[in-house]
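>
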Amino acid sequence: MATAIEEAVFNALRGHHNEHTKLPSPRIIKIYIASLKDDFKEERRLLLEIIGPDLQALYDDRQLEIEIVDIHFGTGSDGLTIVDLDPYVLDDHLEEIETCHCVSKSVFLIVLLGSRLGNFLLPTKLDSSIFTAISKLSTDDEVQCLRKWYSTTCPKTNIHQTEDTQHGEGYYWLTTNYRTLDRAEWVTEAQQLRELLERKIDEVLRAAEAKETSAGDGLDGEQFCDNLKRLKTRAIAREIEKGLACSSGRILTLFRHWKNQPENDSTELEEDGHLGSNTGTEVKQLETNLIEALPASNHQTLTVDWAENGIDPELECHDLYLTSFKNKMFEMMKASIDQDLAKDPNGGKGRKKTVQEIFHEHSTHLMYLNEHLSANKYISSKVPERIKQNVQMNFRSGSRHPPYFIHGGHGSGKSTLLSRIYTELTGWFEHTKVHRVIRYASATPRSAYNLELLRVICQQLAIILNIPEGYLPKDASFDPLYINNWFQNLLKHCEDLHNEILFLFIDDLHRLNPLDCDIVAALSWLPISLPWNVFLVVSTTVPIESLRLTPIQKERFKCADYFFDLSLEQNETKIKHWGVVPSCTEAPPDELPTFAQLVNGLFDAMEQQFGVKGFSRLAIYITCSEYGLTETELLELLMPTQDADLVIKSNEGDFNFSTFRTIRNQMKLILREKLMSGKLLIVWRHSICAEITRVRYMTPDITRSIHSELVNLFFPPDGDDSEDMSTEQHSRKSSMQTQQDDNVTQVLNLGPDISYSIRHVEEAWHHLIKSEDTKKLKEIAVCNFDFLLAAVQTVSISYLRCLIEHVRCYILDRDIELVYYTIRKSSDVLTRDPMQLGAQLISWLKSVSAHEGPQALLSVTVQSATAWCDGYTVPLLVPLTGWLPVPLPSQIRCITVPGPGPVRCIEVSPSKQHLILSPKVGDPQLWHIMSNSLVHTFKGHSGPITYMKVLSQYLVTASEDTSVIVWDMKTLAMKLRLREHIAPALCATLALDNKYVISGSDDSSIIVALLETGKLVTKFDHHRGPVSALHMSYPSEVLVSSSHDATVCLWSLENFTLLNCIQMSQPILNMQISCDSTFLLAHCADNGLYLRSLTTGTELHALKGHKSKVSSLLMVLIP
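Residue 1 is where the sequence shown starts when you use our numbering, and the numbers rise one by one after that.
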């Protein structure tokens, strides 16, 4: 058996698979609770708040997520279920049961059955014969009521539902007009309609059974009676029926019998009292059916004293019953889960770790492929045939060739086309073994970066080629240069294969994240010339000119025989677009809606049904996620859990279990559920959905806030808030505590219910970056030893390197740089043995930690590494002293600024992540340091900038156009413009907590104005030459000015008087004062630097020796 499993795995990795190939399943146990809303309120609470979390804690070490679905949670306390109010929702509930059956590894349904079956269910459709029979027995007013709510027009209950007149023929459908009514108004109407239909159906049924014929339409009398009985089936009976149809062996049931129950309450009575006995019989029949269908160990019966208001935990007998319920249900669930897990072939743990990792990664992409194939969107295209002819020609002639590029816009069918070629190509060759590898870029962390993508592909190729030295060479190093050479060598190795051919597919190549570690250009690893039996097919939305390719690659990849632009007529590709009537597909292209219009139309429909606030929240959370969020995580964000009796409404921005299932069903066309690292993640099916969401609903502030929420989801904050959190929230959080297989050996408790897991390594750190909380990012992620260890053990050293490199694209920070270069220098060692991470951190960072003190962040990192090494059971070579130099290069980043002329002024932004550059000609520019990208241009001056300074949150610029502008660095907007000078402004500063803006000019004047209004306060005309510098002396709030007239003046800003005047021997070109306002450093026209006492003007030192002109000054206080 084991051999067969391994062979199937290896075949899948080689691309030899079909629809019967068994792929990994999610590590989840999702359980639907079927019960009456009010009858089992306390029992459902126990399942959600106690039993579920206890089971989660029990199976944490087996990487299982326990999710319990209470469909009645958050539907109010008025006794009406959500199905009573909207009968069409029952179909969503039944689909949820089927979903639980499909994804759950064990129990998927728990039935809690008492003495009642609930309210009569309004039929969503009535057979015309039944409607006619009911009408004949009804009064005119009753017929009018029926026709008010039932019509022959089939309502469009699903957004993606197409018109199907044949499906609606012969039926009367319940109209959905009630969704526009007030809740109280519809409750009254529904109760009347429910009583009418229940009474009339019962009358028709009795009459039909007596006559043993139908109502005159030729139907068999027995079938007619069965249809009537079907209409009397309650919602819980339908749920049980659905569960039994799926699998009776994975259903648990608890029967609750009342003791000492009064006779008049023994059955479910309606107001007229005539249905009681029938309902009691139906309950007993349902109980009998369950007992017969389920194994004996899967059902239990408990007896409890009757109480008028149901189960009351305050009663001693009921409290004992609830304790017994909790114990029995826990034991039943545990026994069933253990039994099913025993049948699971150990989840592949017996397989070699490398094979297991590559198989799980490959499986995720195969699931994407299967999804595209099952959608069956392909109609026709000329591209596959053209590629086929070219491939066969190269294969037969043994010619080398470039990759095939497929270029097209959103919704043009690139992915569908790639999937089509993938499946068809096995028929292109006879007597030749075809190996296939496919990747959807950025679908997973291992396919999001060039280094990781190439590393995983190389290891998969090594498995396919069955290289004797193993799947990882002995000299392997997950270094970009080594990986690139390894890939090229593996392709050369393929040339030696006989009657074997290799196809590589990469979809959405443009979505790969470019990093600094990429050699030359991000995509420079793409071969210009491939062996005769190796073919690479890639797709991209971005034109080749915009891809990060080398110039020679761009030239070669544009070859007409290998580049297919789907917008051209010769490459015309037709696919089925959802939302377009099939008959319209032959219409002219100009008359068909664009893909973006289709998505926007669907968004509009979702807003109308679920409210703008509710739909936008869900859309924003999905958009902000990097690789998707689990259902558990989304529910924690969207479902309030403080009060189970609260009515949770989507138009107010919240969802409960029922409305969340409904909206997911409505969004099937644009949502995808992917399996990654054992989790089922909800993501957009098309990237354009995220783009439209950003345009419609998101601002920078909203985006930052949402990422902060997601940070708190994965890393709950400490404090009283976490204590007030409901038990149910804790039960959901427990799903994020599992570890990946046997890899994570060190767990760091960050809070009461959090620990490092694969979700932190793959998803959470992205939100730490985008929430702009650098301190938290460093402390609990990139500078935290346990996080680094989890990343190396659960994924690889190359992924950790990509992760930190990704962080460096956003943040310039010394601690992050030290960790990055430590990992970079340790790549060779950690490739062979990831357990050496602690020793490597100690070796490279011990000297840094010794210098910074025990409380510094990197000191804590080294201490954690040392503690881990001390507790590790296998011997490790750990240095006790640090002798290696600090792993920082002399240059971290080089920014190239396009444009004419040199940079005249430079300042660092308040965030320390941007540089403000002023070219000799042109406007000041804001550049992000680590991404080397232009963020903003400050447009406002009409002349060259003469001076620029960042003070607090403001940027002050002076220009030859005589104006001074103050910019708000938070909004990047102009706050104030001063035009008081008559000559070029040369310097400026802010004073008295940004109360005043002070500027000096070439006309020798100094202007003092109010920052808020720009109103002129005073003007100093003391100097007799251009004012060269202005500085504030703190804390005395004294203004210091220097001029070409060879004087330095000290001014009081209290009464605007001259305090002192220091005479120099030469005109002063620039001037600085020390941080403690003790010293004055002046640069004079003789190129000398003169140090004086600021208070007295006493000369202290004369610094001379510069061979060329001094361009800038800076005084630094060294402690």
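Every residue gets a Cβ at the ideal spot worked out from N, C-alpha and C, and that includes glycine.
What are the residues that DSSP puts in a beta bridge with residue 1072?
In the sequence shown, the residue the question calls residue 1072 occupies position 1072. Beta-bridge pairing links residue 1072 to 1081.
> Return helix, strand or coil for residue 92, following the three-state DSSP convention.
Taking the sequence shown and counting its residues from 1, the one referred to as residue 92 is at position 92. Three-state result, residue 92: helix.
> What does the alpha-carbon distance come out to for the pair residue 808 and residue 818?
For the purposes of this step, residue 808 is taken as residue 808 along the sequence shown, with counting starting at 1. For the purposes of this step, residue 818 is taken as residue 818 along the sequence shown, with counting starting at 1. The straight-line gap from Cα to Cα measures roughly 11 angstroms.
> Give me the Cα-Cα distance between residue 1055 and residue 909, rounded to the nearest whole angstrom.
Reading the sequence shown from its first residue, position 1055 is the one you call residue 1055. Reading the sequence shown from its first residue, position 909 is the one you call residue 909. Looking at the two C-alpha atoms, the distance is approximately 33 angstroms.
> Spatial neighbours of residue 1024 within its chain, please: CB distance less than 7 angstroms, with the 5 preceding and 5 following residues excluded, ordered by chain position.
Residue numbering aside, residue 1024 sits at position 1024 when the sequence shown is read from its first letter. Only 1004, 1045 meet the Cβ criterion.
> Could you tell me the distance, in whole angstroms, from the CA atom of residue 901 to the CA atom of residue 945?
Along the sequence shown, read from residue 1 onward, the residue named residue 901 stands at position 901. Along the sequence shown, read from residue 1 onward, the residue named residue 945 stands at position 945. Computed Cα separation, rounded: 13 angstroms.
> Nearest-angstrom Cα distance between residue 1075 and residue 506?
Residue numbering aside, residue 1075 sits at position 1075 when the sequence shown is read from its first letter. Residue numbering aside, residue 506 sits at position 506 when the sequence shown is read from its first letter. Rounded to whole angstroms, residue 1075 to residue 506 spans 57 angstroms at the Cα level.
> Suppose only complete runs of 4+ residues qualify. What are the alpha helix (DSSP H) ranges in the segment 952-994, listed by chain order?
With a minimum length of 4 residues, no continuous alpha helix (DSSP H) run stays inside the segment 952-994.
> Put residue 894 into one of helix, strand or coil per three-state DSSP.
The residue you call residue 894 lines up with position 894 of the sequence shown. DSSP places residue 894 in coil when its eight states are reduced to three.
> Please give the ranges of any alpha helix (DSSP H) in the segment 527-608, keeping only runs that are unbroken, at least 4 residues long and fully inside the region.
Segments of the alpha helix (DSSP H) lying fully in the segment 527-608: 551-556.
> Helix, strand or coil for residue 73 per DSSP?
The count along the sequence shown starts at 1 and reaches residue 73 at position 73. Coil, per DSSP.
> In chain order, what residues of the same chain lie with their CB nearer than 7 angstroms to the CB of residue 1109, ignoring the 5 residues before and after it?
Against the sequence shown, residue 1109 aligns to sequence position 1109. Cβ neighbours of residue 1109 beyond the five flanking positions: 1087.
> Could you work out which residue in 65, 119, 228, 59 is closest to residue 132 when comparing CA atoms only?
The residue you call residue 132 lines up with position 132 of the sequence shown. It is 228.
> In chain order, what residues of the same chain have a beta carbon less than 7 angstroms from the beta carbon of residue 739, not counting five sequence neighbours either side?
Position 739 of the sequence shown, counting from 1, holds the residue named residue 739. Confidence at residue 739 is low in this model, with a pLDDT of 35, below 50, so its placement is unreliable and the value that follows should be read with caution. Excluding sequence neighbours, residue 739 sits near 63, 757.
> State the Cα-Cα distance for the pair residue 845 and residue 836, rounded to the nearest angstrom.
As a first step, residue 845 must be located in the sequence shown, where it is residue number 845. As a first step, residue 836 must be located in the sequence shown, where it is residue number 836. Cα to Cα, the separation comes out at about 14 angstroms.
> Mind checking whether residue 72 and residue 35 have CB atoms under 9 angstroms apart?
On the sequence shown, residue 72 is found 72 positions in, with the first residue counted as 1. On the sequence shown, residue 35 is found 35 positions in, with the first residue counted as 1. Yes, the pair counts as a contact, with Cβ atoms nearer than the cut-off.
> To which residues of the same chain is residue 241 closer than 7 angstroms at the C-beta, ignoring the five residues directly before and after it?
In the sequence shown, counting from the first residue as 1, residue 241 sits at position 241. Result list for residue 241: empty, nothing under 7 angstroms.
> If I follow the unbroken beta strand (DSSP E) through residue 1019, where does it start and stop?
Here residue 1019 is taken as the residue at index 1019 of the sequence shown, counted from 1. Counting along the chain, the beta strand (DSSP E) containing residue 1019 begins and ends at 1016-1020.
> Just checking my contact of residue 663 with residue 618 at CB under 8 angstroms: how many whole Å lie between their CB atoms?
Translated into positions along the sequence shown, residue 663 becomes position 663. Translated into positions along the sequence shown, residue 618 becomes position 618. About 7 angstroms; that satisfies the 8 angstroms criterion.
> Would residue 387 be called buried (16 or more neighbouring beta carbons within 10 Å of its own) or exposed?
Looking up residue 387 in the sequence shown gives position 387. Buried, since its Cβ has 16 or more Cβ neighbours within 10 Å.
> Distance, Cα to Cα, residue 455 vs residue 461?
What you label residue 455 is simply residue 455 of the sequence shown in a count that begins at 1. What you label residue 461 is simply residue 461 of the sequence shown in a count that begins at 1. So the two alpha carbons sit approximately 10 angstroms from each other.
> Just tell me which of 135, 415, 152 has its CA closest to the CA of residue 145.
Taking the first residue of the sequence shown as 1, we reach residue 145 at position 145. When each option's Cα is compared against that of residue 145, the closest is 135.
> I'd like to confirm the pairing. Which residues does DSSP put opposite residue 1182 in its beta bridges?
With the chain covering only 1 through 1119, there is no way to say anything about residue 1182.
> Between which residues of its own chain and residue 1067 is the CB-CB distance below 6 angstroms, once the five residues before and five after are set aside?
Looking up residue 1067 in the sequence shown gives position 1067. Here the set comprises 1044, 1046, 1085.
> Tell me the DSSP secondary structure of residue 921 in three-state form.
In the sequence shown, counting from the first residue as 1, residue 921 sits at position 921. Coil at residue 921, not helix or strand.
> Per DSSP, what kind of secondary structure is residue 275 in: helix, strand or coil?
By 1-based counting over the sequence shown, the position of residue 275 is 275. Bear in mind that the predicted position of residue 275 carries a pLDDT of just 41, short of 50, making it unreliable; the figure below should be weighed with that in mind. Three-state result, residue 275: coil.
> May I ask you to report which of helix, strand or coil DSSP gives residue 1063?
The sequence position of residue 1063 within the sequence shown is 1063, counting from 1. In the structure shown, residue 1063 sits in a strand (DSSP, three-state: E or B).
> Note down, in chain order, each residue of its chain lying with its Cβ closer than 6 angstroms to the Cβ of residue 511, except the 5 sequence neighbours on either side.
Locating residue 511 in the sequence shown gives position 511, where the first residue counts as 1. Once the five neighbours on either side are set aside, the close Cβ partners of residue 511 are 441, 442.
> Helix, strand or coil for residue 27? Go by DSSP, reduced to three states.
By 1-based counting over the sequence shown, the position of residue 27 is 27. Coil at residue 27, not helix or strand.
> Whole angstroms is fine: what's the gap from residue 1121's alpha carbon to residue 499's?
With the chain running from 1 to 1119 in the structure shown, residue 1121 is simply not present.
> Where do the ends of the alpha helix (DSSP H) carrying residue 393 lie?
For this step, residue 393 is matched to residue 393 along the sequence shown. Per DSSP, residue 393 belongs to the alpha helix (DSSP H) from 383-397.
> Which term fits residue 394, buried or exposed, when burial requires 16 or more other beta carbons within 10 angstroms of its beta carbon?
Start at 1 with the first residue of the sequence shown, and residue 394 comes out as number 394. So residue 394 counts as buried.
> What does DSSP give as the partner residues of residue 948 in its beta bridges?
Working through the sequence shown from its first residue, we reach residue 948 at position 948. DSSP lists 957 as partners of residue 948.
> How big is the Cα-Cα spacing for residue 850 and residue 765?
Looking up residue 850 in the sequence shown gives position 850. Looking up residue 765 in the sequence shown gives position 765. Spanning the two alpha carbons is a distance of roughly 28 angstroms.
> Compare the C-alpha of residue 1096 against each of 59, 1103, 1077 and name the closest.
Taking the sequence shown and counting its residues from 1, the one referred to as residue 1096 is at position 1096. When only C-alpha atoms are compared, the closest one is 1077.
> Check whether the Cβ atoms of residue 1059 and residue 1072 sit closer than 9 angstroms, and answer yes or no.
The residue you call residue 1059 lines up with position 1059 of the sequence shown. The residue you call residue 1072 lines up with position 1072 of the sequence shown. Not a contact, by the Cβ cut-off of 9 angstroms.
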